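Here's what the structure looks like:
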């Protein structure tokens, strides 16, 4: 759970409106007269949730101020107007309009100094986006991001779990395993009897070097007294005959004893330099939590490209923000922290990929979804199965930069969310089926699996063209996807992700065809149109119109 300040939405519509219209006699001279005939009807429409009138009157208010110079009156009135309009578009399923309104609202919030409101608006822009896209599976991996980092596969994704003696039995095709070491409190070589058996070249080993005293541990790291411990740790890692990834001080952005950014970077760089000298083949991982404490920026901790090979993230997607109070929270809190109807691991992963996925492979260094709450008697099997299926079906389809994923298959044996597979066979079965069906997971080290690309980038001569669609409107459990080729409806998997459509390549004659994908969910509709071409050679290409 993210630690953060308790905050209230002080930029709410009615507070801003009150500030804008208080002492009317003194401000009426600055506010255009045309505004006043819309002001009260607009407030009435908002109170009644009359979506048609909110949009109509809101648009009129926007037009009144369109050519007026920016001042506090204009900023305050338009900010509050947009604050009422975006929920209207959300209720209608018009997410493109809602996002456009939020983006228009942000500059006015910045002008007024509404830092919390701006932060929430920026988060909402990402979190309500259905991210609708059509993908295809291919053996042509030229468009898959590859950065040449240590132990990075050119394509595909390693997958596995955190080691535990009591967990579900490892699967033969898992290609990653993770161990935790508490810095200064534990010597990694003392766990050789557990680690060595997995250093057989059949999987990558991820080692999380935790800072048990958080910021105080960082102070110890930068001391010369830590040098021998760190050198010994790296010497052991260097002895492992398998690719190793080393996470240094993970989740620093949510520590209770919060990490000082400059100290964290100093400690990370020191460990990195010792690793480069004593374990030159280890890949170094900078790995924050997916969502930071409220006033924390992940970028403040990034130690620099020279010291980071992979960027990791802790990615937990739970139904409730607090297991101690398993009830729905306020809408803007659930939106920001990704709970309730906003729970979606793909959406939560988006920020870290956008920050660092242009230069580093990404690994989910730990993550999961609570399938129950120990001490509370809450069964979340259905929720957890859906979230896990979403993540393992789409993670490297939507984000091909994700080259590794590790599930937190550990029973902490205390009150709180339970993630362990051996406590829920239904969720474990979902994990097994989702990883089996994902064609881009690496199931044998050294092999190159298929890749997923956007349909618009497809160019291949496979026997079949396999299409998939991602679309995740907030609070919606079902999406209808229809594929047509020159107007003829194609058979497809309906009602469940990833909405697969298989086209027999031999059934397509040479020439050009119109491929249309229609996605619907409630009031939401998105149409994607493509030109599909089959060449004399049998090569099939798809380009977006």
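In the numbering used here, the protein residues as written are 5 to 549. Backbone N, C-alpha and C define an ideal beta-carbon position, used for all residues, glycine too. Because the structure is a prediction, the values reported are computed rather than measured.
In the structure shown, residue 426 falls within a helical segment according to DSSP collapsed to helix, strand and coil. A residue is called buried when at least 16 other Cβ atoms come within 10 angstroms of its Cβ; residue 198 does not meet this threshold and is exposed.
Contact annotation, residue 271 with residue 222: C-beta distance approximately 4 Å; criterion of less than 8 Å satisfied. Partner residues in the beta bridge of residue 318, as assigned by DSSP, are 293 and 370. By the C-beta density criterion, residue 109 is buried, having at least 16 other C-beta atoms within 10 angstroms. Nearest in C-alpha terms to residue 277, of all of 364, 297 and 308, is 308.
At a Cβ-Cβ threshold of 8 Å, residue 287 and residue 244 do not count as neighbours. Note on residue 453: 16 or more other CB atoms within 10 angstroms of its CB, so buried under the neighbour-count rule. Per DSSP, the continuous beta strand (DSSP E) segment holding residue 534 begins and ends at 528-538. Only exposed fits residue 448, as fewer than 16 other CB atoms lie within 10 angstroms of its CB. In the DSSP annotation of this structure, the continuous segment of the alpha helix (DSSP H) that includes residue 280 starts and ends at 265-282. The three-state reading of DSSP puts residue 431 in helix, counting H, G and I together. In terms of Cβ geometry, residue 353 and residue 373 do not form a close pair [threshold 8 Å]. When DSSP assignments are scanned along the region 113-148, the uninterrupted stretches of alpha helix (DSSP H) that are 4 or more residues long and fall wholly within it turn out to be 119-131. Beta-bridge partners assigned by DSSP to residue 455: 142.
Per the Cβ contact rule, the region 325-342 is not in contact with the region 385-403 (fewer than 3 Cβ pairs under 8 Å). Comparing C-alpha distances from residue 442 to each of 526, 256, 34 and 501 shows the shortest one belongs to 501.
For residue 156, same chain residues with a beta-carbon under 8 Å away, outside a window of 5 residues either side, are 150, 287, 313, 314, 365 and 407 in chain order. As computed with DSSP, residue 180 is found in a beta bridge with 164 and 208. Closest option to residue 99, judged by alpha-carbon separation, among 477, 388, 511 and 492: 477. Between residue 457 and residue 140, the C-beta gap is smaller than 8 Å, which places the two residues in contact. Counting the other Cβ atoms within 10 Å of the Cβ of residue 74 gives fewer than 16, which makes it exposed. A direct Cα-to-Cα measurement between residue 517 and residue 162 gives close to 37 Å.
In this structure, the beta-carbon distance from residue 459 to residue 444 does not fall below 8 Å.
Pairing residue 482 with residue 48, the inter-Cα distance amounts to about 34 Å.
Counting along the chain, the unbroken alpha helix (DSSP H) around residue 94 starts and ends at 76-96. When C-alpha distances from residue 468 are compared across 504, 486, 540 and 362, the shortest belongs to 504.
Annotated as distal: residue 378 and residue 428, with beta-carbon spacing of 8 Å or more.
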